[in-house]
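Undergrad: As you go down the protein sequences, you meet chains F and Y in turn.
First residue of the first sequence? That's 2 in the numbering used here, and the numbers climb one at a time after it.
First residue of the second sequence? That's 674 in the numbering used here, and the numbers climb one at a time after it.
Questions regarding the structure given below will be posed in turn.
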Amino acid sequence: MDDSLRELYQDVILDHSRHPRHFGVVEGATHKGEGHNPLCGDRVNVTMALDGEGRIADIKFEGKGCAISQASASLMTEMLQGRSVEDAEKLMGGFLHLVKGEETELAGDDRERLEVMAGVSAFPMRVKCATLAWHTMKSALEGGS
Amino acid sequence: MNAPLKTVFDVAAARADFEILSREVYGKTLVYLDNAASAQKPRQVLDAMRDFAASEYANVHRGVHFLSAASTERYEAARETVRRFLNARHADEIVFTKGGTEAINLVSYSWAAPRIQPGDEIVLSVMEHHSNIVPWHFLRERQGAVLRWVDVGDDGSLDADAVDAAIGPKTKLVAVSHMSNVLGTVSPLREIVARAHAKGAAVLADGCQGAVHAVVDVRDLDVDFYCITGHKLYGPTGIGALYAKRAHLKAMRPFNGGGEMIREVGRDMVTYADPPARFEAGTPAIIESAGLAAAIDYLSSFDRAAVAAHEHDLYAYARERAREFNWLRVVGDAPGKGAILSFETEGMHAHDLATILDREGVAVRAGHHCAQPLMERFGTASTTRASFALYNTRAEVDVLIDALAKARKILG
């Protein structure tokens, strides 16, 4: 099999897409976002509850889509739980660079955990699948509930 | 044009006309099964455009010089070729457009909009492409038109009785695909036209797929409007055509304004050219018109029934082999349908599947195919679609099936 395919559909990705973490809706969410990829019709909803100190106390997603978009959303919610809004935005910037195959500012543990998505960079037509949840998260932060 | 008709379809000989089919992608031989999105071009089409540009090209309908006259002649000869292809009565019933989308927008703007009062109805089938939906949404949004949707059966078939039942006294137009780009369903167009006319409604048929796979006779169909696009017909992008009955065209207001479409322009007045020039503002797709004509000549050089039988065989074979997978559900299996295999795959998203097939050299389409109401009808967001052309083979179907099995291993 094509190495880039193996990299793209590695076990961690398939596991996240089959058993998504943080799947659902946050009760009493302070921030909500709806994402839509008009190319494929995929949708993702992100709900978050921020605490008084600007931390993401709870984050969940709901959606239907390809393995890449679902795994990315699952991984994102897992990473952002308990992080500050500022962190979330920084991670997103690093993630976008990573999946586009550009130099990324991600480091340490964050880099290690998100590295599984790096294979997307060999598939330019699929970058949008990987970034949908992150853009939705950002619009949720900007738009509020 | 006058070449002897080939009564037996020789797929190997036809493949040799398509240079791109011998290329590789990711080290694998290309298996191109995205023909319903756009077909590949034979050398006859590419040569025609190159030769025209290299020897006779200038702007049309303008200059008095030699090349302009030669160009104009070629351009009008292409119109005659389209007329013959659709068996229209008059060449002036053929309007060149950018493609099928522009043709339908032209009918919406120039014919329908001035005739629509709030509450008037447009009947659509649920299997329409967005290009035969959105121009009617414009009339709903702007003029209070009511869109009435006709469902298809679970096998994807469209029933003339169901269309008939949706046509009421306020129906001005029935807009229906001749052949669905997702299901492959072929509409009972002639019957639909007869029923619509009996109730005073006109019919527009989207023939972007239909004209590629079957002989079209607009006079026999008695259809009011019929559109085709060049690029799905083995021709170039950027050109298509609208057939409309002469009486309709004469009564229609202009679409785009500009050069070529006027009779006279003053400071406080303007008068318009007769059809079809009235609807062809600006410099048209001149070189592409030669390509479109060459594509039609190419297709017409075959026995169309033999080509249709070949394509049907490909579909039947693919349909049969797809039964090997209990996780695959075919969407659209109407009797007499065209060679399009759309399917859902349990536990695998169409885009993941298409990515893996791509690495095996197999080009398919994954997504909603610009037919979201139809996806909703079948309760899905997307399907994978393999659509066949005259140059495809059973061996390519085998590659598709092997690639599907491989994808299942990776994603299953």
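Idealized CB from N, CA, C, for every residue including glycine.
Computed from a prediction, not measured in an experiment: that's the story for all the values here.
#1: For the beta strand (DSSP E) containing Y/A689, list its first residue and its last residue.
#2: Under 7 Å Cβ to Cβ from F/R22, same chain only, skipping five residues before and after it: list those, please.
#3: Could you compute how far the alpha carbon of Y/N760 sits from the alpha carbon of F/L15?
#4: Name, please, each residue of chain F whose Cβ falls closer than 8 Å to the Cβ of Y/T1028.
#5: Just verifying my parser: in three-state terms, what is the DSSP assignment at Y/S962?
#6: May I ask you to list the residues that DSSP assigns as paired with Y/L820?
#7: F/P39: which of Y/V819, Y/G939, Y/S695 and Y/G1040 sits nearest, CA to CA?
#8: F/K139 and F/A58: beta carbons closer than 9 Å?
#9: Label Y/R752 either buried or exposed according to how many other C-beta atoms from any shown protein chain fall within 10 Å of its C-beta, with 16 as the threshold for buried.
#10: Applying a beta-carbon distance threshold of less than 8 Å, which residues of chain Y neighbour F/D3?
#11: Helix, strand or coil for Y/M800? Go by DSSP, reduced to three states.
#12: So what does F/N38 bridge to, in DSSP terms?
#13: Under 7 Å Cβ-Cβ, which residues of chain F neighbour Y/D707?
#14: Output needed for Y/G932: all residues of its chain with C-beta closer than 7 Å, excluding positions within five of it in sequence on either side, in chain order.
#15: In whole angstroms, what is the alpha-carbon distance linking Y/I935 and Y/R926?
#16: Would you check if there are 3 or more beta carbon pairs closer than 8 Å linking the region 818-837 of chain Y to the region 849-865 of chain Y?
#17: Any beta carbon of chain F sitting closer than 9 Å to that of Y/L1084?
#18: So the candidates are F/G42, F/R84 and F/F96; which of them puts its Cα closest to the Cα of F/R114?
#19: Do we get a CB-CB distance below 9 Å when we pair Y/A685 with the residues of chain F?
#20: For a quick check, are the C-beta atoms of Y/T1056 and Y/E997 less than 9 Å apart?
#21: So with Cβ pairs under 9 Å, would you call Y/M1048 a contact of chain F?
#22: Going by CA-CA distance only, name the one from Y/A914, Y/H803 and Y/V681 that's closest to Y/D765.
#23: To which residues of the same chain is Y/G903 closer than 6 Å at the C-beta, ignoring the five residues directly before and after it?
#24: Taking 9 Å as the CB-CB limit, is Y/D1025 close to chain F?
#25: Rounded to whole angstroms, what's the CA-CA distance from Y/M674 to Y/A709? Just pull it up for me.
#26: Between the alpha carbons of Y/A871 and F/V45, how many angstroms are there, rounded?
#27: Quick one: what's got a C-beta closer than 7 Å to Y/V1070's C-beta in the same chain, skipping five residues either side?
#28: Measure the alpha-carbon distance for F/L92 versus F/Q71 and round it to whole angstroms.
#29: Any beta carbon of chain Y sitting closer than 9 Å to that of F/G91?
#30: To the nearest angstrom, report how far apart Y/F682 and Y/L1014 are at their CA atoms.
#31: Go to Y/Y748, then tell me how far its alpha helix (DSSP H) extends in each direction, as first and last residue.
#32: Tell me the start and end of each unbroken beta strand (DSSP E) in the region 972-1003 of chain Y that is at least 3 residues and wholly inside, in chain order.
#33: Excluding sequence positions up to five away, which residues of its chain have a Cβ less than 7 Å from the Cβ of Y/F691?
#34: Could you spell out the range, first to last residue, of the alpha helix (DSSP H) harbouring Y/T944?
TA: If we stick to the structure as given:
#1: Taken as a continuous stretch (DSSP letters only), Y/A689 belongs to no beta strand (DSSP E), as it is neither H nor E.
#2: S75, T78 and E79
#3: 54 Å
#4: L6, L9, F124, M126 and R127
#5: helix
#6: Y/I795
#7: Y/G1040
#8: no
#9: buried
#10: Y699 and R1032
#11: coil
#12: F/D43
#13: Chain F residues near Y/D707: none, gap ~13 Å exceeds 7 Å.
#14: A954 and G955
#15: 12 Å
#16: yes
#17: yes
#18: F/F96
#19: no
#20: no
#21: yes
#22: Y/A914
#23: P909, I912, G913 and L965
#24: yes
#25: Because Y/M674 sits at a pLDDT of 47, beneath the cut-off of 50, its placement in the model cannot be relied upon, and the point is left open.
#26: 47 Å
#27: L987, Y990, A991 and R994
#28: 18 Å
#29: Rather than Gly, the amino acid found at residue 91 of chain F in this sequence is Lys. Judged by the 9 Å Cβ criterion, F/K91 is not in contact with chain Y.
#30: 22 Å
#31: F739 to L759
#32: 1001-1003
#33: Q713, P715 and Y1064
#34: Segment V943 to Y945 is the beta strand (DSSP E) holding Y/T944; no alpha helix (DSSP H) there.
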